[in-house]
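Undergrad: Just dropping this structure here.
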Amino acid sequence: RMVHRREIVSLDLVEGGEAEVVEFELPDQARVLRRKLKNLNFPRSAIVRSLARGRELFVPTGDFPFEVGDRSLLFTLDDALPALDNIFRGK
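Residue 2 is where the sequence shown starts when you use the numbering used here, and the numbers rise one by one after that.
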């Protein structure tokens, strides 16, 4: 199991623990900031389901740019967690 970093707001196990719903809050040093989803080396076994920015809720497309404080909700298989941690964490 991965040690949860401060950027992970919540994590819930599904499907007998092989899949997870993870919420990341983007810190000011996150690698994804001002980059578009389509330009990230995003794991195939993970999906960004929604993104909250303030009081607005988005279903991000490939052209969606990430900003500090965004809260991303992802559905992922366990094998993608290290890559997601690398993408969403601070530098």
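Quick reminder that beta carbons are idealized off the backbone N, C-alpha and C, glycines included.
It should be emphasised that the depicted structure is a prediction, and the values quoted were computed from it without experimental measurement.
(1) Can you tell me whether P83 is helix, strand or coil according to DSSP?
(2) Between D79 and E24, is the Cβ-Cβ spacing less than 8 Å?
(3) Helix or strand or just coil, what does DSSP make of F25?
(4) Confirm, please, whether the CB-CB distance from S51 to L74 is below 8 Å.
(5) Beta carbon of R32, beta carbon of P66: below 8 Å?
TA: Let me lay it out:
(1) helix
(2) no
(3) strand
(4) yes
(5) no
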